[in-house]
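First residue of the sequence shown: 251, per this note's numbering; consecutive thereafter. Here a beta-carbon is modelled for each residue, glycine too, at the ideal position from N, C-alpha and C. For clarity, every value in this text was computed on a predicted model and none was experimentally measured. Working notes, structure below.
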Amino acid sequence: MFSIDQAAVRYINKQSGSIVISLKLEPAMGGCACSTQHITGSYLPVIVLGPPSGGDQYNQIIVDGITIFYAANIQPKADCSHITVKLKKMLFWSWLEVEGVKAIASFK
Numbered sequence: 251m252f253s254i255d256q257a258a259v260r261y262i263n264k265q266s267g268s269i270v271i272s273l274k275l276e277p278a279m280g281g282c283a284c285s286t287q288h289i290t291g292s293y294l295p296v297i298v299l300g301p302p303s304g305g306d307q308y309n310q311i312i313v314d315g316i317t318i319f320y321a322a323n324i325q326p327k328a329d330c331s332h333i334t335v336k337l338k339k340m341l342f343w344s345w346l347e348v349e350g351v352k353a354i355a356s357f358k
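Pasting the structure below:
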């Protein structure tokens with residue numbers, strides 16, 4: 251279900267040896283007045299270095315020596331066979347990105 255590119259593996263091993271992948275609610279603005287359901291936001295994937303503070307609420311898997319803690323509602327997109335963690339760089343900054351996670355809309 252998960253894959254990690256080798257640059258990301260090296261980066262994670264230097265930092266902590268583990269990551270947490272979860273979904274965070276990003277509120278939406280507005281909405282269509284003609285609809286009975288209004289989108290209140292979307293749950294988008296977030297990746298954080300290190301182990302979670304509450305480890306019992308996450309599933310756990312080891313990929314390429316990296317411990318991945320992930321929320322139970324994490325699923326790959328319909329057109330993706332797996333979720334990929336990649337290292338992105340720009341000038342002096344480096345960060346991790348997660349690709350292939352299905353976002354979830356929140357309705358009211």
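Can we say the segment 319-331 touches the segment 264-278, given the rule of at least three CB pairs closer than 8 Å?
-> Counting Cβ pairs under 8 Å, three or more are found: they touch.
CB-CB under 7 Å to residue 257, same chain, minus the five flanking residues each way: which ones, in chain order?
-> Residue mapping note: residue 257 aligns to position 7 of the sequence shown, counting from 1. Here the set comprises 337.
Identified DSSP bridge partners for residue 310 = Counting from one through the sequence shown, the residue named residue 310 turns up at place 60. Residue 310 is bridged to 319.
Exposed unless 16 or more other CB atoms sit within 10 angstroms - verdict on residue 277 = As a working mapping, residue 277 is identified with position 27 in the sequence shown. Exposed, because fewer than 16 other Cβ atoms sit within 10 Å of the Cβ of residue 277.
Compare the Cα-Cα distances from residue 299 to each of 261, 333 and 314 and report the closest residue.
-> In the sequence shown, residue 299 corresponds to position 49, counting from 1. Closest in C-alpha terms to residue 299, from the list 261, 333 and 314, comes 261.
Cβ shell of residue 314 (< 6 Å), same chain only, five flanking positions each side left out | On the sequence shown, position 64 is the one that residue 314 refers to. So the list reads 254 and 259, once near-sequence residues are dropped.
With distances taken Cα to Cα, identify the nearest neighbour of residue 347 among 265, 295 and 309.
-> Position 97 of the sequence shown, counted from the start, is the residue given in the question as residue 347. Per the Cα distances, 295.
Give me the Cα-Cα distance between residue 251 and residue 344, rounded to the nearest whole angstrom.
-> What you label residue 251 is simply residue 1 of the sequence shown in a count that begins at 1. What you label residue 344 is simply residue 94 of the sequence shown in a count that begins at 1. Residue 251 and residue 344 have their C-alpha atoms spaced approximately 24 Å apart.
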